[in-house]
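Undergrad:
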Amino acid sequence: MDMTPHFPIYMDYSATSPCDERVVDAMIPWLREHFGNPASRSHAWGWEAEAAVEKAREQVAALVGADPREIIWTSGATESDNLALKGAAGFYKSRGKHIITVKTEHKAVLDTCRELERQGFDVTYLDVQPDG
2 MDMTPHFPIY
12 MDYSATSPCD
22 ERVVDAMIPW
32 LREHFGNPAS
42 RSHAWGWEAE
52 AAVEKAREQV
62 AALVGADPRE
72 IIWTSGATES
82 DNLALKGAAG
92 FYKSRGKHII
102 TVKTEHKAVL
112 DTCRELERQG
122 FDVTYLDVQP
132 DG
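Heads up: the sequence shown runs through residues 2 to 133, numbered per the numbering used here.
#1: Counting only the same chain and skipping the five closest in sequence on each side, list residues whose C-beta sits under 8 Å from that of Glu-128.
#2: In terms of residue numbering, what span does the beta strand (DSSP E) encompassing Val-103 cover?
#3: Might you give, ordered along the chain, the residues of its own chain that have their beta carbon closer than 6 Å to the beta carbon of Val-61, omitting 5 neighbours on each side?
#4: Three or more C-beta pairs under 8 Å: does that hold for the stretch 9-23 against the stretch 31-39?
#5: Contact between the stretch 115-123 and the stretch 85-96 is defined here as three or more beta-carbon pairs at a separation below 8 Å; is this criterion met?
#6: Taking a contact to mean a Cβ-Cβ separation below 8 Å, would you say Glu-51 touches Arg-42 in this structure?
#7: How far does the beta strand (DSSP E) with Thr-75 in it extend, from its first residue to its last?
#8: How many angstroms separate the CA atom of Thr-79 from the CA atom of Lys-98?
#9: Which same chain residues end up closer than 8 Å to Thr-113 when comparing Cβ atoms and leaving out the 5 residues on each side of it in sequence?
#10: How about His-7: is its Cβ closer than 7 Å to a heavy atom in the ligand MG?
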């Protein structure tokens, strides 16, 4: 008889994932003490929060070798998918208006592709093969 303990394995990292302790430690002051809205530029709390967001933008840019102006914060995956697809489609439309995706893609991607079709793009939806 197998007496090995069996623990659940979390496999939904695309939805949520554990937060690195260094990130938690860096965020604690902003969750407990510094609670200004970075978009509120009419008071000191907003200025402080905006400065923190810009510092984080610079840190992320340095980490990935980008210019801070290339770092865009979004509310999550759906907004990110939408922004990436519409941005790339708009940027490259002079080179062609054909997008290829798979039928099993995330709903956010499929919805954006349908919107791009309404805007005149051709979208090919590939079937998934038995081996993936």
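Where a beta carbon is used, it is the ideal one built from N, C-alpha and C, also for glycine. Treat the numbers as computed from the prediction; the structure is a model and nothing was measured.
TA: According to the data block:
#1: A small correction: the amino acid at residue 128 is Asp; Glu does not occupy that position in the sequence shown. Closer than 8 Å at Cβ, skipping near neighbours: Val-103, Lys-104.
#2: 99-103
#3: Ile-72
#4: no
#5: yes
#6: yes
#7: Element bounds for Thr-75: n/a, residue is neither H nor E.
#8: 22 Å
#9: Asp-82, Asn-83, Leu-86, Lys-87
#10: Annotation note on the ligand MG: not contained in the displayed structure, which lists no ligands.
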